[in-house]
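Q: Numbering (mature numbering (1 follows the signal peptide of the UniProt record, and there is no 0)), first residue to last: -26 to -1, 1 to 253.
Backbone N, C-alpha and C define an ideal beta-carbon position, used for all residues, glycine too.
1) Ends of the alpha helix (DSSP H) at residue 74?
2) Which runs of the alpha helix (DSSP H) spanning at least 4 residues fall entirely within the stretch 159 to 205, listed in chain order?
3) Please state whether DSSP places residue 2 in a helix, a strand or coil.
4) Looking only at its own chain, which residues have a Cβ that is under 6 angstroms from the Cβ of residue 172, when we skip the five neighbours before and after it?
5) So, under 8 angstroms CB-CB, residue 188 and residue 113 are touching, yes? Tell me the CB distance rounded to an integer number of Å.
6) Report the rounded CA-to-CA distance for residue 44 versus residue 126, giving the unit in angstroms.
7) Hey, out of 157, 33, 153 and 29, whose CA is closest to residue 108's CA?
8) Taking the alpha carbon of residue 78 as the reference point, which residue from 226, 111, 224 and 214 has its own alpha carbon closest?
9) Under three-state DSSP, which class holds residue 40?
10) Three-state secondary structure (DSSP) at residue 32?
11) Checking 7 angstroms against the spacing of the C-beta atoms, do residue 150 and residue 119 come in under that value?
12) Hey, how far is the Cα of residue 106 from the Cα of residue 183?
13) Report the rounded CA-to-CA distance for residue 197 versus residue 56, giving the unit in angstroms.
14) Please classify residue 129 as buried or exposed, where buried requires at least 16 neighbouring CB atoms within 10 angstroms.
15) Can you pull the DSSP bridge partners for residue 221?
16) Under DSSP, the beta strand (DSSP E) around residue 82 begins and ends at which residues?
17) I'd like the list of long-range same chain contacts for residue 33, defined as Cβ closer than 7 angstroms, with 5 residues on each side in sequence excluded.
18) What do you reckon, are the CB atoms on residue 117 and residue 154 nearer than 7 angstroms?
19) Closest to residue 134 by C-alpha separation, out of 210, 205, 170 and 87, would be which residue?
20) Let me know if residue 124 comes out buried or exposed under the rule of 16 or more other beta-carbons within 10 Å of its beta-carbon.
21) In the DSSP assignment, what residue or residues form a beta bridge with residue 98?
22) Please classify residue 199 as buried or exposed, where buried requires at least 16 other C-beta atoms within 10 Å of its C-beta.
23) Look at the alpha carbon of residue 13 and the alpha carbon of residue 178, and state the distance between them as a whole number of angstroms.
24) Please report how far the alpha carbon of residue 254 lies from the alpha carbon of residue 7, in whole angstroms.
25) Check each candidate in 218, 224, 223 and 204 and name the one with the smallest Cα separation from residue 97.
26) Taking the straight line between their C-alpha atoms, what separation do you get for residue 4 and residue 131?
27) Could you tell me the distance, in whole angstroms, from the CA atom of residue 49 to the CA atom of residue 16?
28) How is the beta strand (DSSP E) around residue 26 delimited, first residue to last?
Okay, structure coming up:
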């Protein structure tokens, strides 16, 4: 009887867990001053902050992927303006070879505002480092996923990114086109072709890249994206043992319990009686 009850409890708990909405399983983030996420490369009037979308109306609020908050990214009027946040887990996510074997994937939800050029939108940057390269061709690179190179039906062509709606983007070893900032035998393509998947970069770059650690990922608006506003939320990372979804929410104020004032009054009364007795 005991074993049957335990089995039933396990089945019930498992069923309940799978029935939970994504928001209940996501890791809440309400502070961008410390890891797991923090502001990086915010410059020249750029801003990155967690905001409450309540009252914003339209798709921004009503179609938001998780609850009521998101990261708002904004750039100023100059090409040097930028706004990014970065995830730097202890020890990184693993080597490229390990991530390939684990079928690693990354995804995020993005909303593009209506100002600025039609192509820029919050992008995903992946930072790789090999501390002991053997081929003397650089042990560091960034591979960057830009939504404007990855529009459905127009992958690899520079296309306007729809504004005013939440869109989901994902990168895996066989999907999602990225450009390289150089290193591991590649040159910096400055935001353009060659555009390859992670799997293609693994076979294209030299062997040092396979042993490079993916030590961080960033999301945001880089340089040469002036006058842009974007929002990001629902960021998921599936990389071997690292399995997390992040939900950006404004920190909730913790109200004082309703009974606290009464408790304080009572304590003051006790103290007053003791003083009267002593006098």
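A: According to the structure shown:
1) Unbroken alpha helix (DSSP H) run through residue 74: 70 to 75.
2) As for any alpha helix (DSSP H) of minimum length 4 sitting wholly inside the stretch 159 to 205, the runs are 172 to 178 and 181 to 184, ordered along the chain.
3) Strand.
4) Within the same chain, 147 come within 6 angstroms of residue 172 by CB-CB distance, once the 5 residues on both sides are set aside.
5) Residue 188 to residue 113, Cβ: 13 angstroms. No contact.
6) Whole-angstrom Cα-Cα distance: 24 angstroms.
7) Taking only the C-alpha atoms, the option nearest residue 108 is 157.
8) Comparing Cα-Cα distances from residue 78 to each of 226, 111, 224 and 214, the minimum goes to 214.
9) Here residue 40 sits in coil by DSSP.
10) Correct three-state label for residue 32: helix.
11) Yes, Cβ-Cβ distance for residue 150 and residue 119 is below 7 angstroms.
12) Rounded to whole angstroms, the separation of the alpha carbons of residue 183 and residue 106 is 11 angstroms.
13) When only Cα atoms are considered, residue 197 and residue 56 end up about 5 angstroms apart.
14) Answer is exposed; the Cβ neighbour count stays below 16.
15) The partner list for residue 221 (beta bridge, DSSP) reads 2.
16) Taken as a continuous stretch (DSSP letters only), the beta strand (DSSP E) holding residue 82 covers 79 to 86.
17) So the list reads 138, 139 and 140, once near-sequence residues are dropped.
18) Residue 117 is a Cβ neighbour of residue 154, given a cutoff of 7 angstroms.
19) If you compare the alpha carbons of 210, 205, 170 and 87 with that of residue 134, the shortest gap goes to 87.
20) Buried.
21) Note: residue 98 is bridge-paired with 119 and 193 in the DSSP secondary-structure output.
22) Sixteen is the threshold: when 16 or more other Cβ atoms of the shown chains lie within 10 Å of the Cβ of residue 199, as they do, the residue is buried.
23) Note on geometry: alpha-carbon atoms of residue 13 and residue 178 lie some 32 angstroms from one another.
24) The question about residue 254 has no answer here: the residues shown for the chain are numbered -26 through 253.
25) The residue with the shortest Cα to Cα distance from residue 97 is 204.
26) If I take the Cα positions, the gap works out to 36 angstroms.
27) In this model, residue 49 and residue 16 are separated by some 9 angstroms (Cα to Cα).
28) Its beta strand (DSSP E) spans residues 21 to 26.
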